[in-house]
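Residues in the sequence shown are numbered from 1 upward in steps of one, following this note's numbering.
In this text, a Cβ means the ideal position worked out from N, Cα and C, and glycines have one as well.
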Amino acid sequence: MLPAVGLILGIVMQDAVGVPFLLSALLVVIGMLFVFSAARRRRAVAMVFLVAFASGALLHRRVTDQGFGHVGVYAGSEPRLVRLRGRVETEPRRRPPPEHPFSRWSFGRERTVFLLEAERIRGERGWIETRGRLQVFVDEPLLALRAGDRVEVTGWLRALSPPRNPGGFSWDRYARRRGIEGGLSCAYRENVRIVERHPRRSSWRRTFRRRAEGWLLGGIEETGEETGGLLEALILGRRSQLSRLLDEQFVRAGCAHLIAVSGLHLAVPVAFVWWLGRRLSFSSRTCAAIALGTVVLYVLLAEPRPPILRAAILAAFLCASVWWGRRSNAVNALAGAAIVLLVLTPYAVFDAGFQLSFAAVLGIVTMSGPLHRAAREARRWFERVILHHPHAESDR
């Protein structure tokens, strides 16, 4: 648990005050030397915490460090017309026009949003090498664009602006923690020209997902668009096909967790497989192996979102402890899941979903035992004091 706490504190401190790179690297080296040479347990534990703290600072710096030649240096407070080339990093998402009380009388179009990894920007004397991520907004749908394509975009480049009202949500900080240094706006789809297509190799994972989705969601179109979207959200946690009205109704009813991507979608099939294996008199090791296979298949099928990855890593650690005959420790497994996720995405520590998800699971793991014992003691007290009270016996 201590390494996970040190990693989180290192990321938070780097975001708040900024830890110099050389200091972080020096702390990692010194800490590792002390860990391998420490004779006392307390000194080794302190050094492990120090290494985790410095590693967290380095991970956060790796994502947010602007450096020389970053595309963010070309973005200012005022929009600037630029032409740049880069690679589409994420699958383009189509956003419907915003809904508000006057939306039926206002003019709104469907937009396309994607992340672009900038590679070159057009200067006065030719193309200039650059790097960095930009959020691209196109005011028209782009149906032919896919992740991995190299494109040339002409649009208005602007730096991310802080919130206008005090206490408002800081979108600029939210984006910079993810390495996004600016926004690029285009009015027409013709402003995005595909320079090089990404090769569409049919990988085994894509083939598996297509066949598995066909088996799980087969015939879903016959149930209607709204029912089909609801079933897809309940099975795989995908809310893209869910109507906005139905989504809002789930939120108002307090049942949004049923259709949101969470560990619940993974826990149900894993628990069912484990229960079925025990009913069939399989050994614990066999059930653990089958449950681990179920975890891998579900992660390959579903989108690799943080709640799914957290639940998958936690379940994998628990299955591994059962397989090797070790006593499982849910707190250590949860800490291991947090470390893996933060190494992959250090900015996840600032997401409310990450915080609430791990806090809820940690509360369940640490408080379930004491609450169970307290309930058992309360039941014994009730049976001893109330049921065996003299007045209760006379009433009988």
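Residue i, enclosing alpha helix (DSSP H) - first and last residue
i: E377; result: A352 to W381
i: G6; result: L2 to A16
i: L157; result: Segment R150 to R158 is the beta strand (DSSP E) holding L157; no alpha helix (DSSP H) there.
i: R173; result: W171 to R176
i: V385; result: Element bounds for V385: n/a, residue is neither H nor E.
i: R285; result: S284 to L301
Continuous beta strand (DSSP E) stretch holding residue i: start and end
i: S185; result: I180 to C186
i: F272; result: Taken as a continuous stretch (DSSP letters only), F272 belongs to no beta strand (DSSP E), being part of the alpha helix (DSSP H) at L264 to R279.
i: V86; result: This sequence places Gly at residue 86; Val is not what is there. Per DSSP, G86 belongs to the beta strand (DSSP E) from R80 to V88.
Per DSSP, cross-strand counterpart(s) of residue i
i: W127; result: R122
i: F114; result: V136
i: R95; result: R111
i: E196; result: R150
i: H70; result: R131
Cβ pair residue i, residue j closer than 9 Å
i: L7; j: I339; result: yes
i: E196; j: V71; result: no
i: R85; j: E152; result: yes
i: S185; j: P306; result: no
i: V63; j: P346; result: yes
i: L341; j: A348; result: yes
i: G369; j: A311; result: no
i: F191; j: V138; result: Per the sequence shown, residue 191 should be read as Asn rather than Phe. Closer than 9 Å, so yes.
i: A401; j: L245; result: Any property of residue 401 remains undetermined from this structure, which presents the chain solely from 1 to 396.
i: R133; j: E89; result: yes
i: V136; j: G183; result: yes
i: V365; j: A330; result: yes
i: F350; j: D65; result: no
i: G148; j: R87; result: yes
i: F302; j: C319; result: For the sequence presented, residue 302 should be read as Ala rather than Phe. No; because the gap between Cβ atoms is not below 9 Å, this pair is not in contact.
i: R150; j: I121; result: no
i: V421; j: L2; result: Missing from the structure shown is residue 421; the chain here goes from 1 to 396 and no further.
i: L59; j: V343; result: yes
i: V251; j: A288; result: no
i: F69; j: E124; result: The sequence as given places Gly at residue 69; Phe does not occur at that position. Cβ atoms of G69 and E124: not closer than 9 Å.
i: G155; j: A187; result: yes
i: R146; j: H198; result: yes
i: R164; j: P141; result: no
i: D247; j: A253; result: no
i: I308; j: Y298; result: yes
Let me know the alpha helix (DSSP H) ranges lying completely inside the region 313–358, each 4 residues or longer, listed in chain order. 330–344
Hey, is the region 85–93 in contact with the region 162–182, meaning 3+ C-beta pairs nearer than 8 Å? no
Cβ pair count under 8 Å reaching 3, the region 361–369 against the region 327–335: yes
Quick test of the definition: if touching needs 3 or more C-beta pairs under 8 Å, does the region 153–164 touch the region 58–75? yes
Decide if the region 43–57 is in contact with the region 117–126; the criterion is three or more beta carbon pairs, one per stretch, under 8 Å apart. no
Is the region 265–275 touching the region 320–327 in the sense that three or more CB pairs, one from each, lie closer than 8 Å? no
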